[in-house]
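Numbering (this note's numbering), first residue to last: 1 to 418.
Ideal placement from N, C-alpha and C gives every residue a C-beta, glycine not left out.
None of these values were measured; they are calculated from a predicted model.
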Amino acid sequence: MASAHPNFTVIVNWNKKGFGCAKACSYCNWRGWPALPKGPQSKEQVAAFILNCKKGTISISGGADPLYRFEENLPHLLSMVRVIKEQGFKVRVITREIEHIAKLRGIVDRFSISLDSDVLAALDGYREEWRGLDIEYSIVLPPFPTSQLITLMPQYAALQRQLGRRLVLRENFNSLHKVDFSQLSSGHQGIVFVPKALCLSGRYLADQQEYSGQDILLDHQQLFAYLMHDPRIHLFGGAVKHMLSPSIHSEFTDIDLLATSTDVMTQLQEHFGYRFKEVAETASSSPRYFLGKSSRAGKPIHLVLVKSIEEARRFILAAQYDIDRVGYCDGQFFFDERISEAAIRHAIQTKQATFVGGTRDMTLFSSNRPQVEARHQGKLARRGFVIHDYRKLDYASNHLHPSGSHENRRGDSVVRLL
Ligand code: SF4
1 MASAHPNFTV IVNWNKKGFG CAKACSYCNW RGWPALPKGP QSKEQVAAFI
51 LNCKKGTISI SGGADPLYRF EENLPHLLSM VRVIKEQGFK VRVITREIEH
101 IAKLRGIVDR FSISLDSDVL AALDGYREEW RGLDIEYSIV LPPFPTSQLI
151 TLMPQYAALQ RQLGRRLVLR ENFNSLHKVD FSQLSSGHQG IVFVPKALCL
201 SGRYLADQQE YSGQDILLDH QQLFAYLMHD PRIHLFGGAV KHMLSPSIHS
251 EFTDIDLLAT STDVMTQLQE HFGYRFKEVA ETASSSPRYF LGKSSRAGKP
301 IHLVLVKSIE EARRFILAAQ YDIDRVGYCD GQFFFDERIS EAAIRHAIQT
351 KQATFVGGTR DMTLFSSNRP QVEARHQGKL ARRGFVIHDY RKLDYASNHL
401 HPSGSHENRR GDSVVRLL
């Protein structure tokens, strides 16, 4: 559905320092994106950028939110709108700051409201003051396979009827799955699909520079097609939980992987724009730890460089909780057999993290591993995991049967888990 002429979008981040958005969506890839504007872009840059647009409308979008700290940033927005209109274009603003929309009546031509639960709950309070405004709603599809998205379509159709306006469903750049829109589109009047190809072919003005969508948007489906099939890579952590259970673990903030060759970093740099910085204590220590950030808006990569596949697996199988004793390499999951695949799958599916007692091989971990594990525990709790950790006197209900069910009898020894 790629258009003959690309869409033109001015990306804004009004903040000179930091990220100008009041929300903190876990799936947001813009926060920390290196080319995010730092303050308003100049009128000359905007004017030069839109010169080649063959469509009738220019979008003003995040990056951060264009209506963030509205009163303070309104002069910048008005200046940008003026430049765009002087060249005969209409202006569309994409926002979640809905309380300010009506103030832009007669100034902005179209609004696209990105829906989340907070925004949805507040909509009714604005219906009157939005009368006569050109407004549509948009939602990024959850990162599910097409088969699961199909089951959501009746709910989207009901939502669209309730909203009474056009509902735009956008393909999710964070998804590992290619969406077959032909299976989603039948019979839902008022719903429009935006495949990521449309965004990838668009033109964007960001930090004083024009970009194509390909340059700035990281397609995680392509990234994972590589990560999941290079035998030198072992994925672990949140990405693997998402792969096992996309609807329960629909979001993960970063990508954890073990690599057995530095060539993996080279590949990630060449094909996906990642730059890696070593974060280990000393360059001579082993394994070596790297943080990778892409020049495109995408998830950071925590990369642990190990010497062999055996080390990679030993690293994963020494995790403190059962839910983390699973990895993925070259098309296959592998599980800690001492716990069993069924038990680990069940624990991930039901969000129950159980400390695995006994002696752990800590030789591959960095010296700050206790802090890393404490942070991880906090992250799990924030994500709704129930944590069974006998170190915190929850021993009696800790232990998993091979079937994966929890057992309250102390008699079911910890030996089962080792
Ligand atoms: S509202 Fe948009 S820009 Fe703000 S954190 Fe969420 S996804 Fe990012």
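#1: Three or more C-beta pairs under 8 Å: does that hold for the segment 337 to 357 against the segment 297 to 308?
#2: Measuring from each Cβ to the nearest heavy atom of ligand 1, keep the ones under 7 Å and list them in chain order.
#3: Can you give me the start and stop residues for the beta strand (DSSP E) that S112 sits inside?
#4: Just confirm the distance between the C-beta atoms of H249 and K241, as a whole number of angstroms; I'd bet it's less than 8 Å.
#5: Mind the definition here: the segment 32 to 41 touches the segment 245 to 261 only if three or more C-beta pairs lie below 8 Å; say whether that holds.
#6: Once the 5 residues before and after K43 are set aside, which same chain residues still bring their CB inside 7 Å of it?
#7: Just to confirm the assignment, what range does the alpha helix (DSSP H) spanning C21 have?
#8: Starting from A353, follow its DSSP beta bridges and name the residues at the other end.
#9: Enumerated in chain order, which unbroken segments of the alpha helix (DSSP H) with a length of 4 residues or greater are wholly contained in the segment 131 to 166?
#10: What three-state label does DSSP hand H271 in the structure shown?
#11: Evaluate V108 with the Cβ neighbour count: other Cβ atoms within 10 Å of its Cβ, from every protein chain shown; 16 or more gives buried, anything less gives exposed.
#12: From this set, M153, G62, V10, F385, which residue's C-alpha is nearest G20's C-alpha?
#13: DSSP three-state call for V179: helix, strand or coil?
#14: Below 8 Å between beta carbons: does that hold for A64 and N7?
#15: Which two residues bound the contiguous alpha helix (DSSP H) that contains S117?
#16: Report the partner residues of I233 according to the DSSP bridge assignment.
#17: Measuring alpha carbon to alpha carbon, tell me which residue in F333, I323, R375, G384 is nearest F355.
#18: Got a sec, what are the start and stop residues for the alpha helix (DSSP H) I323 sits in?
#19: Do you know how far the Cα of S201 is from the Cα of F193?
#20: Given this structure, state the Cα-to-Cα distance separating A318 from P300, to the nearest angstrom.
#21: For a test of the three-state rule: what should DSSP assign to V12, helix, strand or coil?
#22: Counting only the same chain and skipping the five closest in sequence on each side, list residues whose C-beta sits under 8 Å from that of L393.
#23: Which class does F49 belong to by DSSP, given the choice of helix, strand or coil?
#24: Can you check which of these residues, A48, K38, F365, N15, is closest to R203 by C-alpha distance?
#25: Assuming S59 contacts I94 under a Cβ cut-off of 8 Å, what Cβ separation, rounded to an integer in Å, is found between them?
#26: Let's test the definition: count the other Cβ atoms within 10 Å of the Cβ of P143 and tell me whether it reaches 16, buried, or not, exposed.
#27: I think L364 touches F334, with their Cβ atoms under 8 Å apart; what is that distance to the nearest whole Å?
#28: Tell me which same chain residues have a C-beta within less than 6 Å of the C-beta of L257, skipping the five on either side of it?
#29: Could you compute how far the alpha carbon of A158 sits from the alpha carbon of E251?
#30: Between D116 and the rest of its own chain, which residues show a CB-CB distance below 8 Å, the 5 nearest in sequence each way excluded?
#31: Along the chain, where does the alpha helix (DSSP H) that runs through H242 open and close?
#32: Are F276 and H220 close, meaning C-beta to C-beta below 8 Å?
#33: Under the three-state reduction of DSSP, which class applies to C199: helix, strand or coil?
#34: Once the 5 residues before and after K38 are set aside, which same chain residues still bring their CB inside 6 Å of it?
#35: Going by other Cβ atoms of all chains shown within 10 Å of its Cβ, with 16 needed for buried, is T266 buried or exposed?
#36: Since L291 is in the alpha helix (DSSP H), which residue starts that stretch and which ends it?
Reading it off the structure:
#1: no
#2: C21, K23, A24, C25, Y27, C28, W30, R31, G62, G63, A64, D65, R96, S114
#3: 110 to 114
#4: 4 Å
#5: no
#6: S79, V83
#7: Here C21 belongs to no alpha helix (DSSP H), and DSSP marks it neither H nor E.
#8: I387
#9: 146 to 163
#10: helix
#11: buried
#12: G62
#13: coil
#14: no
#15: 117 to 122
#16: A259
#17: I323
#18: I323 -> no alpha helix (DSSP H), and no H or E assigned at all.
#19: 16 Å
#20: 23 Å
#21: coil
#22: In this prediction, L393 has a pLDDT of 47, which is less than 50 and means its spatial position is unreliable; nothing more can be read from the coordinates.
#23: helix
#24: A48
#25: 6 Å
#26: buried
#27: Their Cβ separation, rounded to whole angstroms, is 16 Å, which puts L364 and F334 out of contact at 8 Å.
#28: I233, L235, L303
#29: 25 Å
#30: K23, C25, R96
#31: 238 to 244
#32: no
#33: helix
#34: K16
#35: exposed
#36: Per DSSP, L291 belongs to no alpha helix (DSSP H); it is in the beta strand (DSSP E), 288 to 294.
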